[in-house]
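Data block below; observations after.
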Amino acid sequence: MPLTLATWNINSVRLRLPIVRRFIGEYQPDIVCLQETKCPDDQFPTADLRALGYEHIVVNGQKGYHGVAVLSRLPIASVERGLFCRHGHSRHLAVTLGEAAGSASGLTIHNFYVPAGGDEPDPEINDKFAHKLHFLDCMEAAPGNGTLRSQRAVLVGDLNIAPLETDVWSHKALLSVVSHTPVEVERFGRVMRAGAWIDAMRQCIPAEQKLYTWWSYRSPDWAAADKGRRLDHVWVSQDLGAAVDDIRVIKEARGWDRPSDHVPVLATLQL
DNA sequence: ATGGTCGGGTGCCGA
1 MPLTLATWNI NSVRLRLPIV RRFIGEYQPD IVCLQETKCP DDQFPTADLR ALGYEHIVVN
61 GQKGYHGVAV LSRLPIASVE RGLFCRHGHS RHLAVTLGEA AGSASGLTIH NFYVPAGGDE
121 PDPEINDKFA HKLHFLDCME AAPGNGTLRS QRAVLVGDLN IAPLETDVWS HKALLSVVSH
181 TPVEVERFGR VMRAGAWIDA MRQCIPAEQK LYTWWSYRSP DWAAADKGRR LDHVWVSQDL
241 GAAVDDIRVI KEARGWDRPS DHVPVLATLQ L
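Position 246 (the first sequence) corresponds to 246 in UniProt numbering; numbering is contiguous.
Here's what the structure looks like:
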C-alpha cells in the first residue's frame with residue numbers, strides 16, 4: 001500500500017488555511033506534518049481540516065510561536081510530545097499509527113521543528129544558537145531513551161540545517177551563516193548516525209543536484225534569485241530505506257498566494 | 001557588503 005506523507009513549515013496555520021486546502025486538494029497526502037503553526041491548541045482549525053478527510057489530528061501548539069501538528073487519514077494509536085527543548089517550546093510531536101492503519105500499522109512519525117538559532121553562530125554570545133545546539137544534542141541522546149531508534153520510523157520536519165554543499169545556493173557564502181555552519185552540520189550528522197537514519201530526500205534525488213525547500217521572504221524575486229536552502233527533511237529508519245518510492249519538493253507552493261517561505265516535501269512509501 | 005520581508009501580538013521579537 002502506498003502511504004503519502006508531507007512535511008511543511010506553514011508559518012501560521014490559521015493564515016495559510018487557503019494554501020493548506022490547495023495543497024491537500026492537489027496532492028491528497030495521507031499524513032501532513034506541519035511546523036510553525038503559531039496557534040494555541042484550542043484555536044487550531046481542527047474542524048476545517050477534519051472536513052478535508054483528516055479524522056485524526058494531533059497538535060502541540062503554543063501562543064504566537066513554534067507549534068507542530070500531525071493530520072492523518074489513518075488512525076493514530078499513540079502520541080508523544082517530546083522533551084527536546086529546554087525552554088519548553090512546542091517543537092516535537094510523535095504519533096504511532098494503529099492496527100487499523102493496515103500495512104502502515106505500527107509506523108512511528110516524528111515531527112520536529114528545530115530552533116532556527118538566531119543570526120550569530122557563536123553559542124557564547126548568542127543563546128538562540130546555544131539552544132539550537134542543545135536541542136540537537138537532545139535529539140541525538142533520545143535513542144538512548146528508546147524513542148528514535150524504533151524500527152518502522154519516519155522523522156520529518158523543519159530541522160533548520162542545510163547539511164550538504166548542494167543544499168544551499170552558495171556553500172562558500174553560507175559557511176558562516178546559521179543553518180549551514182560546520183558546527184551545526186556536524187551535530188546534524190551526529191543525530192542522523194545516532195538513530196541510523198536514512199536521508200530519504202537524498203536517496204531519491206542525487207546529492208549532485210541542488211535541492212531547496214526554503215526561499216527567504218526578503219528576496220524581491222525569490223524564483224529568479226533562487227537563493228534557497230534545504231532546511232526541511234525526511235528521514236526513515238533503515239528497515240524503510242527500500243520502501244521510499246518517491247520524494248517531491250512542491251516548489252510551486254512558494255509562488256502561491258500569501259505563501260509560507262517553506263514549501264511542502266511529499267514522500268511516498270510502499271508499505 | 002548590506003539589507004531586504006514576513007507573522008504574531010503588542011508597542012518588538014523571532015524567523
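Cβ coordinates follow ideal geometry from the N, Cα and C atoms, glycine included.
*Are there 16 or more other CB atoms within 10 angstroms of the CB of Gly157, so buried, or fewer, so exposed?*
buried
*What residues are listed by DSSP as bridge partners for Ala69?*
Leu34, Val59
*Taking DSSP as the reference, what is the three-state secondary structure of Val177?*
coil
*Between Lys227 and the rest of its own chain, which residues show a CB-CB distance below 8 Å, the 5 nearest in sequence each way excluded?*
Trp169, Ser170, Trp215, Ser216, Ser219
*asked:* Closer than 8 Å is the cut-off here; do at least three beta carbon pairs connect the segment 33-45 with the segment 61-76?
replied: yes
*Please name the residue in Leu231, Trp197, Val263, Ala253 whose C-alpha comes closest to that of Gln238.*
Trp197
*In angstroms, rounded to a whole number, what distance separates the CA positions of Phe44 and Leu15?*
11 Å
*asked:* Between the alpha carbons of Leu93 and Val68, how many angstroms are there, rounded?
replied: 7 Å
*asked:* If you reduce the DSSP assignment to three classes, tell me which class Val156 lands in.
replied: strand
*Same chain only: Cβ atoms within 8 Å of Trp256, ignoring 5 sequence neighbours per side*: Ile19, Arg22
*Taking buried to mean at least 16 other C-beta atoms within 10 Å of its own C-beta, is Pro53 buried or exposed?*
In the sequence under discussion, the amino acid at residue 53 is Gly, which differs from the Pro named in the question. Exposed: under 16 other Cβ atoms inside 10 Å.
_Simplified DSSP assignment, three categories, for His262_ = strand
*Secondary structure of Ser103, DSSP reduced to three states*: helix
*Could you tell me whether the segment 99-106 touches the segment 116-126, where touching means 3 or more Cβ pairs closer than 8 Å?*
no
*What's the gap between the Cα of Pro182 and the Cα of Gly106?*
36 Å
*asked:* According to DSSP, Arg229 sits in a beta bridge with which residue or residues?
replied: Val168, Trp214
*According to the neighbour-count rule (16 or more other Cβ atoms, all chains shown, within 10 Å of its Cβ), is Tyr113 buried or exposed?*
buried
*So, is Gly144 buried or exposed, given that buried needs 16 or more other C-beta atoms within 10 angstroms?*
Confidence is the limiting factor: at Gly144 the pLDDT is only 49, short of 50, which leaves the residue's position unreliable, though a coordinate-based value still follows. Exposed, since its Cβ has fewer than 16 Cβ neighbours within 10 Å.
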